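Residue numbers are given in the numbering used here: position 154 of the sequence shown equals residue 171, and the series is strictly consecutive. Read through the structure below, which is laid out as structure tokens, and then see the notes.
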Amino acid sequence: MYWRWLWLCLKMIYQVLCCSVSLIFFCFNVFWLFCNLAIPWCTLTLLVVCVASKFVKLQRSPNEKRLLSLLSAPDDWPSYWPIANRAAGYDAPENSKAAIKKCLTRGYRNVLLDAGLTSCGEIVIANPSRLAVAQQPLSELQKLNITEQHPMGSHFEAESVATLRQISDYVEAEASSATLFLRLHDNSARMLDQLQKFMATNEAFTQRTMVISRSPLAIYQLRKLHPEIICGLWHETYLSLAMLKSSTLITSIYGAIFRNIIAPVIGISVVFLSKEEFNLHIADLWRNVGVRPIVYMVNSPNEKRYFQKTMKIQYLTDSLRSEPHLLMKA
18 MYWRWLWLCL KMIYQVLCCS VSLIFFCFNV FWLFCNLAIP WCTLTLLVVC VASKFVKLQR
78 SPNEKRLLSL LSAPDDWPSY WPIANRAAGY DAPENSKAAI KKCLTRGYRN VLLDAGLTSC
138 GEIVIANPSR LAVAQQPLSE LQKLNITEQH PMGSHFEAES VATLRQISDY VEAEASSATL
198 FLRLHDNSAR MLDQLQKFMA TNEAFTQRTM VISRSPLAIY QLRKLHPEII CGLWHETYLS
258 LAMLKSSTLI TSIYGAIFRN IIAPVIGISV VFLSKEEFNL HIADLWRNVG VRPIVYMVNS
318 PNEKRYFQKT MKIQYLTDSL RSEPHLLMKA
């Protein structure tokens with residue numbers, strides 16, 4: 018009995034060694050195939066994509082002066098630097114008329130708002146992460162009081178979710194010089210169709226608004242029908258694995274694809290980049306392809322002072338009360 022168990026153990030060890038050797042040879046063959054076949058084909062594919070992108074690319078806004086006027090000139094310091102995220106959602110109820118009015122009253126005219134599509138097909142100004150916009154009709158959303166969700170909501174009058182047309186009319190009446198950054202959270206064909214219909218009947222909106230999206234395809238489809246629209250790309254952190262981030266080759270290829278292929282093809286004018294992945298070198302690379310970088314999210318006074326003085330770049334912020342010049346006055 019003892020010898021039988023010993024024989025079985027030896028046999029099992031032998032099979033494990035054979036399987037291990039087979040696995041090593043298999044991995045070696047796969048690696049050999051990748052090095053001798055996949056890499057050349059990947060290089061050839063990338064070359065073809067680069068050549069093809071020259072023929073399908075869309076021109077950026079031909080009116081560079083209009084782009085500069087929307088972003089405002091550096092002479093408008095200090096209101097030039099910050100872009101109020103959700104109309105400075107830390108200072109007032111986000112995406113509300115009250116928040117927009119507060120920004121404009123303070124002298125800050127760059128405001129970013131969230132846009133979503135209701136179940137009935139109406140474009141509304143709301144944060145889909147807080148409100149289930151896509152699952153509700155406009156009639157239900159307008160029953161909500163969005164000021165209740167803010168810590169200082171008691172200091173503001175009750176306000177319901179506004180449609181894109183209502184916000185556009187409100188800004189036109191309050192300050193026609195304000196610049197709206199409309200961030201699309203819904204990049205579906207239905208959303209783009211509704212946005213195109215709205216722009217066709219509202220020329221003033223087109224003149225003072227930048228459309229921001231994380232989908233290059235959505236931007237391409239929108240600008241293909243409306244080349245005069247100034248669009249921006251919301252560049253999110255897709256390389257979530259630390260192993261991928263640590264590879265200089267992978268990050269360089271990843272960044273080059275966005276800057277040198279996607280950006281020229283869709284014709285974006287600005288790009289929103291995370292502050293964790295931003296430096297002067299990245300800023301110069303984007304500027305070299307004709308795209309103005311903007312950093313998000315910058316909230317502390319020290320960070321804001323750093324991007325103003327050292328980086329000299331605009332940033333997206335949740336609060337305008339932490340602007341360095343205001344704290345210095347206080």
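The beta carbon of each residue, even a glycine, is placed where N, CA and C say it ideally should be. Quick caveat, the model's predicted, so the values are computed rather than measured.
Ends of the alpha helix (DSSP H) at residue i?
i	result
S86	E81 to L88
S156	L155 to L158
R322	P318 to Y323
A151	Element bounds for A151: n/a, residue is neither H nor E.
A195	Segment: none, A195 is in no alpha helix (DSSP H) and carries neither H nor E.
P244	No alpha helix (DSSP H) contains P244, which DSSP labels as neither H nor E.
What would DSSP say about residue i, mapped onto helix, strand or coil?
i	result
N102	strand
T218	coil
A116	helix
A179	strand
K28	helix
S269	helix
G124	coil
P281	helix
W94	coil
A347	Legend: pLDDT at A347 = 48, less than 50; position of this residue unreliable, no value from coordinates given.
R207	helix
P341	helix
Y187	helix
Since residue i sits in a beta bridge, which residues does DSSP pair it with?
i	result
V288	L250 and P310
Y332	P99 and V312
R200	D131 and I229
How far does the beta strand (DSSP E) with residue i in it extend, from its first residue to its last?
i	result
N305	Segment L297 to N305 is the alpha helix (DSSP H) holding N305; no beta strand (DSSP E) there.
L129	N127 to L134
I163	Element bounds for I163: n/a, residue is neither H nor E.
V141	I140 to I142
Between residue i and residue j, is the Cβ-Cβ spacing less than 8 Å?
i	j	result
S291	Y313	yes
S112	R123	The amino acid at residue 112 is misidentified as Ser; the sequence shows Asn. In this structure, R123 does not lie closer than 8 Å to N112 by Cβ.
K208	L134	A small fix is needed here, since residue 208 is Met in this sequence, not Lys. Yes, the pair counts as a contact, with Cβ atoms nearer than the cut-off.
L148	V128	no
L297	M328	yes
M227	L87	yes
A132	K119	no
S336	Y125	no
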